[in-house]
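*Asks:*
2 protein chains.
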Amino acid sequence: MTNGATALLETLRNAGVDTCFINPGTSEMHFVSALDDSDMRCVLALFEGVATGAADGYARMAQKPAATLLHLGCGLGNGVANLHNARKARVPMVNIVGDHATYHTKFDAQLQSDIETVARNVSTWVRTTKSVHNLAKDTAEAVAVAIGPQEQIATLILPADVSWGEGAVPVSPQPRTAPPQADSNVVEEIARVLRSGEKTAILLGRRVLLEQGLVAAARIAEKTGASVLCEVFPTRLERGAGLPAVERLAYFAELASVQLAGYKHLVLIDAKAPVSFFAYPGKKSYLVPDGCSVHTLVTPEQDAIGSIEQLVRAVGADRVKPKLQASSRPELPTGKLTGPKVCQAVGALLPANAIISDEAQTSGVKLGAFTAGAPRHDVLTLTGGAIGQGLPVALGAAVAEPNRPVLALVGDGSAMYTVQALWTIVREQLNVTTVILNNRAYSILNIELERVGAEEPGPKARAQFDLNTPPLDFVKLADGMGMSARRASTAEEFNAALEQAFSTPGPHLIDAIVPSEFDGLKLRALPMGLEVLQRMPSPLAKSIKKKLGL
Amino acid sequence: MTNGATALLETLRNAGVDTCFINPGTSEMHFVSALDDSDMRCVLALFEGVATGAADGYARMAQKPAATLLHLGCGLGNGVANLHNARKARVPMVNIVGDHATYHTKFDAQLQSDIETVARNVSTWVRTTKSVHNLAKDTAEAVAVAIGPQEQIATLILPADVSWGEGAVPVSPQPRTAPPQADSNVVEEIARVLRSGEKTAILLGRRVLLEQGLVAAARIAEKTGASVLCEVFPTRLERGAGLPAVERLAYFAELASVQLAGYKHLVLIDAKAPVSFFAYPGKKSYLVPDGCSVHTLVTPEQDAIGSIEQLVRAVGADRVKPKLQASSRPELPTGKLTGPKVCQAVGALLPANAIISDEAQTSGVKLGAFTAGAPRHDVLTLTGGAIGQGLPVALGAAVAEPNRPVLALVGDGSAMYTVQALWTIVREQLNVTTVILNNRAYSILNIELERVGAEEPGPKARAQFDLNTPPLDFVKLADGMGMSARRASTAEEFNAALEQAFSTPGPHLIDAIVPSEFDGLKLRALPMGLEVLQRMPSPLAKSIKKKLGL
Numbered sequence: 174m175t176n177g178a179t180a181l182l183e184t185l186r187n188a189g190v191d192t193c194f195i196n197p198g199t200s201e202m203h204f205v206s207a208l209d210d211s212d213m214r215c216v217l218a219l220f221e222g223v224a225t226g227a228a229d230g231y232a233r234m235a236q237k238p239a240a241t242l243l244h245l246g247c248g249l250g251n252g253v254a255n256l257h258n259a260r261k262a263r264v265p266m267v268n269i270v271g272d273h274a275t276y277h278t279k280f281d282a283q284l285q286s287d288i289e290t291v292a293r294n295v296s297t298w299v300r301t302t303k304s305v306h307n308l309a310k311d312t313a314e315a316v317a318v319a320i321g322p323q324e325q326i327a328t329l330i331l332p333a334d335v336s337w338g339e340g341a342v343p344v345s346p347q348p349r350t351a352p353p354q355a356d357s358n359v360v361e362e363i364a365r366v367l368r369s370g371e372k373t374a375i376l377l378g379r380r381v382l383l384e385q386g387l388v389a390a391a392r393i394a395e396k397t398g399a400s401v402l403c404e405v406f407p408t409r410l411e412r413g414a415g416l417p418a419v420e421r422l423a424y425f426a427e428l429a430s431v432q433l434a435g436y437k438h439l440v441l442i443d444a445k446a447p448v449s450f451f452a453y454p455g456k457k458s459y460l461v462p463d464g465c466s467v468h469t470l471v472t473p474e475q476d477a478i479g480s481i482e483q484l485v486r487a488v489g490a491d492r493v494k495p496k497l498q499a500s501s502r503p504e505l506p507t508g509k510l511t512g513p514k515v516c517q518a519v520g521a522l523l524p525a526n527a528i529i530s531d532e533a534q535t536s537g538v539k540l541g542a543f544t545a546g547a548p549r550h551d552v553l554t555l556t557g558g559a560i561g562q563g564l565p566v567a568l569g570a571a572v573a574e575p576n577r578p579v580l581a582l583v584g585d586g587s588a589m590y591t592v593q594a595l596w597t598i599v600r601e602q603l604n605v606t607t608v609i610l611n612n613r614a615y616s617i618l619n620i621e622l623e624r625v626g627a628e629e630p631g632p633k634a635r636a637q638f639d640l641n642t643p644p645l646d647f648v649k650l651a652d653g654m655g656m657s658a659r660r661a662s663t664a665e666e667f668n669a670a671l672e673q674a675f676s677t678p679g680p681h682l683i684d685a686i687v688p689s690e691f692d693g694l695k696l697r698a699l700p701m702g703l704e705v706l707q708r709m710p711s712p713l714a715k716s717i718k719k720k721l722g723l
Numbered sequence: 174m175t176n177g178a179t180a181l182l183e184t185l186r187n188a189g190v191d192t193c194f195i196n197p198g199t200s201e202m203h204f205v206s207a208l209d210d211s212d213m214r215c216v217l218a219l220f221e222g223v224a225t226g227a228a229d230g231y232a233r234m235a236q237k238p239a240a241t242l243l244h245l246g247c248g249l250g251n252g253v254a255n256l257h258n259a260r261k262a263r264v265p266m267v268n269i270v271g272d273h274a275t276y277h278t279k280f281d282a283q284l285q286s287d288i289e290t291v292a293r294n295v296s297t298w299v300r301t302t303k304s305v306h307n308l309a310k311d312t313a314e315a316v317a318v319a320i321g322p323q324e325q326i327a328t329l330i331l332p333a334d335v336s337w338g339e340g341a342v343p344v345s346p347q348p349r350t351a352p353p354q355a356d357s358n359v360v361e362e363i364a365r366v367l368r369s370g371e372k373t374a375i376l377l378g379r380r381v382l383l384e385q386g387l388v389a390a391a392r393i394a395e396k397t398g399a400s401v402l403c404e405v406f407p408t409r410l411e412r413g414a415g416l417p418a419v420e421r422l423a424y425f426a427e428l429a430s431v432q433l434a435g436y437k438h439l440v441l442i443d444a445k446a447p448v449s450f451f452a453y454p455g456k457k458s459y460l461v462p463d464g465c466s467v468h469t470l471v472t473p474e475q476d477a478i479g480s481i482e483q484l485v486r487a488v489g490a491d492r493v494k495p496k497l498q499a500s501s502r503p504e505l506p507t508g509k510l511t512g513p514k515v516c517q518a519v520g521a522l523l524p525a526n527a528i529i530s531d532e533a534q535t536s537g538v539k540l541g542a543f544t545a546g547a548p549r550h551d552v553l554t555l556t557g558g559a560i561g562q563g564l565p566v567a568l569g570a571a572v573a574e575p576n577r578p579v580l581a582l583v584g585d586g587s588a589m590y591t592v593q594a595l596w597t598i599v600r601e602q603l604n605v606t607t608v609i610l611n612n613r614a615y616s617i618l619n620i621e622l623e624r625v626g627a628e629e630p631g632p633k634a635r636a637q638f639d640l641n642t643p644p645l646d647f648v649k650l651a652d653g654m655g656m657s658a659r660r661a662s663t664a665e666e667f668n669a670a671l672e673q674a675f676s677t678p679g680p681h682l683i684d685a686i687v688p689s690e691f692d693g694l695k696l697r698a699l700p701m702g703l704e705v706l707q708r709m710p711s712p713l714a715k716s717i718k719k720k721l722g723l
């Protein structure tokens, strides 16, 4: 017999949830009060989007959910953008959202709002627990949904009187059941396609982007001649020397179309058929080429790893040696700093076993190329497109993996959405190096403005992408939150700062002053390189080629 | 004949909406592109909560809506907390939320989400315009809802292909109809109550807290002996020397109950019956005393000002001279700086015609008392309880009233939710002085923890309210966004900094280092003073009195 909050905490701990990212208010005071009797690790955030993004980064690395504690509908609202990113990535999470006492809601007090609709927007499972006697059971169910084979977000809405009510009994989790394998007919059919000799690409997503899945795909590729692609925004991608390399689809649909051109078959393994990030006038949204057949190995609730291993055996590739990425590092860059040079320095200096949170946007287009042969590392990306994820995800990843170096590469515009994350990184003394790619612009929008067909944007339109009036000084911003920080305007300064950050445990920030990649049109630096650009059929390519004088 | 975005902008302008707070993305590029052909003022925010809070502050002062431009469901989500605050205050606003092209949504691209449910959470009127031919008409309807007598939030969801589609024709607004008056029977009945001699309080809210309504209420009070109270969190309250003073209800229900005790009648004029902000174990949520009758003068759609004037005539008070607040200023404070001393200095130095955005939380408890006799000014408060409103509201108020000095009084915890507002204040060179009441704690939660009944909170619980590890340096944070800033730890330093800020147009920030008001229990500084505390019947009062040695 205990109060609701205590039983909730104990039930979470019984189910293996040992970390909670929180930003509490009055309605969550009993939860907070119960913390001293629990070994739940609590990480305080100054803004809810930091808490939800951190829970996302944590789960990507820990491979189990964290909890969040949020204050009513508005606290949940502040966390929605990063919950959206986690939802799109199918990252498990358990949100505890405090609510007014059940009898208080009818008075429509200041903070009263409809929590459930906001919760549903980002959660597969939503429940308002109305009685203290159901609380532990509901909590266990929330965790079960989160850690189930589909990996989803569960949101438990916790009225204050349920939290403070007496009579709750903590429960233990139900044993987990193994997820089903892909249907053997499906495996056989896909194996037949792969053996057919017709031009086939395998598109990997989500759970098959860690070593085991990558090795399986590489074996299939080696045996059958299929190409292996990776979804545009992987939840977590293991890469570097000693692992099979995969070609990531480009963000720009014009480039992704070139990558996908000519295939007769596309095999999806825990990935969706590729579509354009946005729609553009006169351009296709669905990027699978005409006449290309799409084959889906697994549904979300099936065991992706077990099923790709089945496919390996079905094509007779289980003894095939996969092609692995050789170790190689670029030279250290020199001269005036640019986004690509930041990526080059990262490739040159990245420590072993690093985790990269990549929200570098336009400045990061060369990251994949320059780090391909770096020591093995993980890359976490902007899965749902809602910017402001990079810093919180780095924070959460560092909480999950305290012994691995974390590198956050974040554009200036993106960083400002959830800049409060720096404070928590300092508070927890996390081993995170933050690089702000500070081009003083929403640089991507200058490109997008052209892509949507605006011919000659005027000064008022351009001003909406300008972050130089006033310029943001991230050294001072970091310092204001207690983080040691340096500025780099040359590659030499950046190399030295990065080396120092990697060799000194704890939080660091480098304000990397770089030009906007769109200035003077450096689109040739896009991952696929100039060759792809040359083959691009789109009006954008024409305009780019014209401007490049090709 | 023109594209959707252009017609939308022209329709907004036809309806008098001339300011838009924006944070756009790719799906809004045609809107952005159309800006150069419009005289719409566009104010860029680095985070959507800044845009929505600024639109709120703007409308409170301009008495007409601003527009916002937000990027899909996640952009709207980031703006939800401050939209909640505006909704609770019934502040008019027109949100334009970009969406994917209508034909693109089925592909469930990365940023695809259910925008309408989030919009409905904070908007009375929501429409997704599916055809360019309906866009101007829908826009005009959105503005009509916003500026209608109920003053509400309208959200127009704008698919990208509707924005870029051709064939739209801007429309002009329908003429506005005058809102109806209160029913004459209701006016007569309330007049009878007021003349009855029974102890009666008039609780004023929203639209009757500007001069005309205050004078009317003061006349009634003078004539009938009724007391005049003001809602806890007024949307906009005119006060200071030469205006009738009103007693604001306390945030703490324990104190508000004392204020309301003994009344036989409570007359609500554009206000709701008072309820506790949160529920607390064993305490009442509904604060109207037992046996007190509640009388409601107007419904939200009725003309509050016209109706209170009717009531003035009905009680024969139309020639009564209202009691007005005399001019008086406190001395300048001296010694170690505290929250109350900040309020005292504000009272001493506040320039004429100022606008105060008050989110000072526990540090601001003496603000009302110290500024009561200051030159006439407006106070804008945290209407919906979702913190992070103070800075954006100040920004929006300054855009609406460029010739009035704006003072933002914001707690450190609150400031960090939407700290990006400082950048826009600098960018627009607004006449805003920001005072951060930096007590390095979520101080209110220390009090709330006690109020909910947690007897002896442990160190882990207390740590969740501690913002001192690491301390936030707002001078550096402001400087990082280009804002001139000073720190003050003594009253003398604060006086000098405030004087300098008020005498020099443009943005300023003062990082006021103050102790947490809860340390050593300074609750005696609450607005009602020690006398009220002495009369408090609650366990809190007992505990406070004990600690105070009373």
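In the order they appear, the protein sequences are chains A and B.
Okay, so the first sequence: first residue is 174 according to the numbering used here, each after it adds one.
Okay, so the second sequence: first residue is 174 according to the numbering used here, each after it adds one.
Here a beta-carbon is modelled for each residue, glycine too, at the ideal position from N, C-alpha and C.
(1) Quick test of the definition: if touching needs 3 or more C-beta pairs under 8 Å, does the stretch 440–450 of chain A touch the stretch 275–285 of chain B?
(2) Between Val205 (chain A) and chain B, is any beta-carbon pair separated by less than 9 Å?
(3) Are the CB atoms of Ala327 (chain B) and Gly177 (chain B) nearer to each other than 9 Å?
(4) Under the rule that 16 or more other beta-carbon atoms within 10 Å means buried, what is Thr511 (chain B), buried or exposed?
(5) Starting from Met202 (chain B) and walking both ways along the alpha helix (DSSP H), at which residues does that stretch end?
(6) Along the chain, where does the alpha helix (DSSP H) containing Asn294 (chain A) start, and where does it finish?
(7) Hey, is Met654 (chain A)'s beta-carbon within less than 9 Å of any beta-carbon in chain B?
(8) Go ahead and label Gly189 (chain B) buried or exposed: buried means 16 or more other beta carbons lie within 10 angstroms of its beta carbon, across all protein chains shown.
(9) Ile686 (chain A) versus chain B: which residues are under 8 Å apart at the beta carbon?
(10) Which residues share a DSSP beta bridge with Met266 (chain A)?
(11) Any idea if Lys514 (chain A) is buried or exposed, counting beta-carbon neighbours within 10 angstroms, 16 or more meaning buried?
(12) Given this structure, state the Cα-to-Cα distance separating Leu540 (chain A) from Ala518 (chain A), to the nearest angstrom.
(13) What does Glu411 (chain B) pair with, by DSSP beta-bridge criteria?
(14) Hey, is Asn612 (chain B)'s beta-carbon within less than 9 Å of any beta-carbon in chain A?
(15) Considering Ala487 (chain B), what are the terminal residues of the alpha helix (DSSP H) in which it resides?
(16) Let me make sure I understand the geometry here. Which of B:Arg233, B:Leu249 and B:Leu245 has the alpha-carbon closest to that of Ala262 (chain B)?
(17) Could you pull out every residue in the same chain whose Cβ sits closer than 7 Å to the Cβ of Val493 (chain B), ignoring the five residues on either side in sequence?
(18) Is any beta-carbon of chain B found at less than 9 Å from that of Asn294 (chain A)?
(19) Apart from the five residues just before and just after Ala390 (chain B), which ones in its own chain have a Cβ nearer than 6 Å to its Cβ?
(20) How about Asp281 (chain B): is its C-beta nearer than 9 Å to some C-beta of chain A?
(21) Would you say Asn251 (chain A) lies against chain B (beta-carbon separation less than 9 Å)?
(22) Just verifying my parser: in three-state terms, what is the DSSP assignment at Lys117 (chain B)?
(23) Which residues, in order along the stretch 439–465 of chain A, keep a beta-carbon less than 8 Å from a beta-carbon of chain C?
(24) Output, in chain order, the set of chain B residues within a Cβ distance shorter than 7 Å of Lys621 (chain A).
(25) Find the residues of chain A that neighbour Trp337 (chain B), judging by a C-beta separation of less than 8 Å, and give them in chain order.
(26) Taking Tyr276 (chain A) as the query, report the chain B residues whose CB atoms sit under 8 Å from its CB, ordered along the chain.
(27) Three-state secondary structure (DSSP) at Ala658 (chain B)?
(28) Using the beta-carbon of each residue, which ones in chain B are nearer than 9 Å to Met234 (chain A)?
(29) Which one of A:Ala581, A:Leu245 and A:Pro462 has the shortest CA to CA distance from Val608 (chain A)?
(30) How big is the Cα-Cα spacing for Glu411 (chain A) and Val344 (chain A)?
*Replies:* This is what the structure holds:
(1) Short answer: they touch.
(2) Against the first sequence, residue 205 (chain A) aligns to sequence position 32. Interface flag for Val205 (chain A) against chain B is set, since a Cβ pair is found closer than 9 Å.
(3) As a first step, residue 327 (chain B) must be located in the second sequence, where it is residue number 154. As a first step, residue 177 (chain B) must be located in the second sequence, where it is residue number 4. No, these two residues do not count as a Cβ contact at 9 Å.
(4) Locating residue 511 (chain B) in the second sequence gives position 338, counting from the first residue. Buried, by the Cβ-count rule.
(5) Against the second sequence, residue 202 (chain B) aligns to sequence position 29. That run of the alpha helix (DSSP H) goes Met202 to Ala207.
(6) Within the first sequence, numbered from 1, the residue matching residue 294 (chain A) stands at position 121. First-last of the alpha helix (DSSP H) with Asn294 (chain A): Ile288 to Val295.
(7) For the purposes of this step, residue 654 (chain A) is taken as residue 481 along the first sequence, with counting starting at 1. Nearest CB-CB separation between Met654 (chain A) and chain B: below the 9 Å threshold.
(8) The residue you call residue 189 (chain B) lines up with position 16 of the second sequence. That one is exposed.
(9) Within the first sequence, residue 686 (chain A) is the residue found at index 513, counting from 1. Residues of chain B passing the Cβ test: none, with the nearest at roughly 14 Å.
(10) In the first sequence, the residue the question calls residue 266 (chain A) occupies position 93. In the DSSP output, where bridge partners are listed per residue, Met266 (chain A) has A:Ile326.
(11) Taking the first sequence and counting its residues from 1, one reaches residue 514 (chain A) at position 341. It is buried - the Cβ of Lys514 (chain A) has at least 16 other Cβ atoms within 10 Å.
(12) In the first sequence, residue 540 (chain A) corresponds to position 367, counting from 1. In the first sequence, residue 518 (chain A) corresponds to position 345, counting from 1. Between the alpha carbons of Leu540 (chain A) and Ala518 (chain A) lies a gap of roughly 10 Å.
(13) The count along the second sequence starts at 1 and reaches residue 411 (chain B) at position 238. DSSP, once it has assigned bridges, lists B:Asp551 as partnering Glu411 (chain B).
(14) Within the second sequence, numbered from 1, the residue matching residue 612 (chain B) stands at position 439. Nearest CB-CB separation between Asn612 (chain B) and chain A: not below the 9 Å threshold.
(15) For this step, residue 487 (chain B) is matched to residue 314 along the second sequence. Taken as a continuous stretch (DSSP letters only), the alpha helix (DSSP H) holding Ala487 (chain B) covers Ala477 to Ala487.
(16) Residue numbering aside, residue 262 (chain B) sits at position 89 when the second sequence is read from its first letter. Ala262 (chain B) has its Cα closest to that of B:Arg233, out of B:Arg233, B:Leu249 and B:Leu245.
(17) Taking the second sequence and counting its residues from 1, the one referred to as residue 493 (chain B) is at position 320. If we look at Val493 (chain B) and ignore the five residues flanking it on each side, its Cβ neighbours are Arg392, Glu395 and Lys396.
(18) Working through the first sequence from its first residue, we reach residue 294 (chain A) at position 121. At a cut-off of 9 Å between C-beta atoms, Asn294 (chain A) counts as an interface residue with respect to chain B.
(19) On the second sequence, position 217 is the one that residue 390 (chain B) refers to. Within the same chain, Ala390 (chain B) has close Cβ partners Ile375, Leu377 and Val401.
(20) Taking the first residue of the second sequence as position 1, residue 281 (chain B) is located at position 108. Interface residue, yes.
(21) On the first sequence, residue 251 (chain A) is found 78 positions in, with the first residue counted as 1. Yes - at least one Cβ of chain B is within 9 Å of the one on Asn251 (chain A).
(22) Only positions 174 to 723 of chain B appear in the structure, and residue 117 (chain B) is not among them; the question remains open.
(23) In summary, chain C is missing from the structure at hand, where the protein chains are A and B.
(24) Counting from 1 along the first sequence, the entry for residue 621 (chain A) is found at position 448. According to the sequence displayed, residue 621 (chain A) carries Glu and not Lys. Neighbours of Glu621 (chain A) on chain B, chain order: Thr199 and Met202.
(25) In the second sequence, the residue the question calls residue 337 (chain B) occupies position 164. Residues of chain A passing the Cβ test: Pro454, Val625 and Gly626.
(26) For the purposes of this step, residue 276 (chain A) is taken as residue 103 along the first sequence, with counting starting at 1. Within 8 Å of the CB of Tyr276 (chain A), the CB atoms of chain B belong to Ala452 and Ser458, in sequence order along the chain.
(27) Here the question's residue 658 (chain B) lines up with position 485 in the second sequence. DSSP places Ala658 (chain B) in strand when its eight states are reduced to three.
(28) By one-based count along the first sequence, residue 234 (chain A) stands at place 61. None at all; the shortest Cβ gap to chain B is about 21 Å.
(29) Here residue 608 (chain A) refers to the residue found at position 435 of the first sequence. With distances taken between Cα atoms, Val608 (chain A) lies closest to A:Ala581.
(30) Residue mapping note: residue 411 (chain A) aligns to position 238 of the first sequence, counting from 1. Residue mapping note: residue 344 (chain A) aligns to position 171 of the first sequence, counting from 1. Cα-Cα distance, rounded: 36 Å.
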